[in-house]
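Novice: Residue numbers for the sequence shown follow the working numbering, so the first one is 1393 and each next one is one higher.
Even glycine gets a Cβ: it sits at the ideal position worked out from N, Cα and C.
Computed from a predicted structure; not experimentally measured.
First the structure, then my questions, so here it is.
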Amino acid sequence: MADPTRRRPPLQVIREGNPGKRPVPEGVVVPPAELTEPDWFELFADQAEGDQAEVNARCREVASREWRRVVPVLEHVAGIGLVDTSTLTDYCVCVARIDQCEREISAHGILMQGERGWQKNGATTIVSAYRSQLARYIGELGLSPSARGRLTPPEIGGDDDGVFD
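The structure is reproduced here in structure tokens:
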């Protein structure tokens, strides 16, 4: 059953009808911008030694790959702008950390021998928190099929006397 408190996307209201005759929101438009990929070395420092240096290098690679995969699509579909850079950066960091935790769980198992016996690997708790945060980012950025239905795509072409021209 659908959440009765969640507002329906404008296209759904138009498709299913608007019995209350409330105005249908247009959506917010941000100025178009070319987003530049962040410096992943700042977030995943190269100062670490040994295994941590390899982990940070992998995190940089995963975050960069995710940025290059998602940003072109979002620029076209969702009309993201400079104001969305920090959200996108956090999304990519979240994906990289999930990858890091999953590799830790794969290497050492879900349960680990501790001083009091078998205990849950700490990475399982961390990855759970990152996954719930990732779900929020997916909803905010319109990266799932249901979230894309709530987005209003930017108009391509059209008149040249727009707000940001």
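#1: Does the pairing of the segment 1510-1530 with the segment 1485-1493 give three or more beta-carbon distances under 8 Å?
#2: Do the segment 1528-1536 and the segment 1473-1491 make contact, defined as three or more Cβ pairs closer than 8 Å?
#3: Considering just the uninterrupted stretch of the alpha helix (DSSP H) at Q1525, what are its terminal residues?
#4: Who are the Cβ neighbours of L1474 in its own chain at under 6 Å, not counting the five residues just before and after it?
#5: P1411 to E1458, Cα distance in whole Å?
#6: Pairing CB atoms from the segment 1426-1439 with CB atoms from the segment 1447-1456, are three or more of them under 8 Å?
#7: Pull up the distance between the alpha-carbon of A1470 and that of K1413, whole angstroms please.
#8: For Q1439, which residues does DSSP report across the bridge?
#9: Rounded to whole angstroms, what is the Cα-Cα separation between W1432 and E1453?
#10: What is the DSSP secondary structure of Q1474, counted as helix, strand or coil?
#11: Mind checking V1487: buried by the 16 CB within 10 Å criterion, or exposed?
#12: Whose C-alpha, out of E1467, S1520 and S1478, is nearest the C-alpha of P1430?
#13: For A1499, count neighbouring Cβ atoms within 10 angstroms of its own Cβ and tell me buried if that reaches 16, exposed if not.
#14: Have a look at L1526 and R1460 and give me their C-alpha separation to the nearest angstrom.
#15: State the Cα-Cα distance for the pair T1428 and R1523, rounded to the nearest angstrom.
Specialist: This is what the structure holds:
#1: Contact between the segment 1510-1530 and the segment 1485-1493 is present, because at least three Cβ pairs lie under 8 Å.
#2: Contact holds: three or more Cβ-Cβ distances are below 8 Å.
#3: Where Q1525 is concerned, the enclosing alpha helix (DSSP H) starts and stops at G1514 to L1533.
#4: The answer, listed in chain order, is A1425.
#5: Looking at the two C-alpha atoms, the distance is approximately 42 Å.
#6: Per the Cβ contact rule, the segment 1426-1439 is in contact with the segment 1447-1456 (3 or more Cβ pairs under 8 Å).
#7: Approximately 27 Å, taken between the alpha carbons.
#8: Paired residue(s): none; Q1439 is not in a bridge.
#9: Approximately 9 Å, taken between the alpha carbons.
#10: Before going further, note that residue 1474 is Leu rather than Gln in the sequence given. Residue state, collapsed to three classes: helix.
#11: Per the 10 Å Cβ criterion, buried.
#12: Measuring from the Cα of P1430, the nearest candidate turns out to be S1478.
#13: Under this definition A1499 is an exposed residue.
#14: Rounded to whole angstroms, the separation of the alpha carbons of R1460 and L1526 is 17 Å.
#15: Rounded to the nearest angstrom, the two C-alpha atoms are 25 Å apart.
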